[in-house]
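K.L.:
Numbering (my numbering), first residue to last: 116 to 305.
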């Protein structure tokens, strides 16, 4: 089967994809991301006074801003609570921030209902066991390259990039290209 120019470009930038992966990505109206191990490398830095630090990659931030500007909604669902996460996501204009979610399916169902979308129109990127219940429901489940093997086995696609090092950007590029949207070349800092 021949590839579209957008699929050829994605394959040149990242990795060969199947037509099925591109088809699933083309339907996405909402991208849901885990935080630790997806937006960050999964490590949590604790200072002497108990302060928590996380590192976020600007490539992922630029990808999130680009996909939001292209009309796809973005949400985060994470098991931990962190002011850092809230600040970072708000700076990226993410409107749907769910923290402290032991059962991520509850937040998933709230999002799906409030946005009036179907499972097939939702992508989820995760890296570990707490992500599996939502990954099993969505139309397009994605694992980071360094995800737990069970997560990779459940995923429709595994990124070439590591969590915290461009995995989110790879996914936003995949969704945008599958929907024949231009990858952004400019914009404000991320």
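Ideal placement from N, C-alpha and C gives every residue a C-beta, glycine not left out.
(1) With the cut-off set at 8 Å, would you say residue 236 and residue 145 are in Cβ contact?
(2) What span of residues does the beta strand (DSSP E) with residue 145 cover, start to end?
(3) May I ask which residues mark the beginning and end of the beta strand (DSSP E) holding residue 171?
(4) Give the straight-line distance between the Cα atoms of residue 124 and residue 136, rounded to the nearest whole angstrom.
(5) Please classify residue 244 as buried or exposed, where buried requires at least 16 other C-beta atoms within 10 Å of its C-beta.
(6) Spatial neighbours of residue 204 within its chain, please: CB distance less than 6 Å, with the 5 preceding and 5 following residues excluded, ordered by chain position.
(7) Would you tell me roughly how many angstroms separate the C-alpha atoms of residue 134 and residue 252, rounded to the nearest one?
(8) With a CB to CB cut of under 8 Å and the five nearest residues on each side skipped, what residues in its chain are close to residue 199?
(9) Among all the DSSP beta bridges, which residues are the ones paired with residue 241?
(10) In chain order, what residues of the same chain lie with their CB nearer than 8 Å to the CB of residue 277, ignoring the 5 residues before and after it?
(11) Should residue 246 be labelled buried (16 or more other beta-carbon atoms within 10 Å of its own) or exposed?
P.N.:
Let's see:
(1) yes
(2) 145-148
(3) Neither: residue 171 is in no beta strand (DSSP E) and is coded neither H nor E.
(4) 14 Å
(5) exposed
(6) 191, 212
(7) 21 Å
(8) 167, 168, 169
(9) Looking at the DSSP assignment, residue 241 forms a beta bridge with 258.
(10) 156, 259, 260, 261
(11) buried
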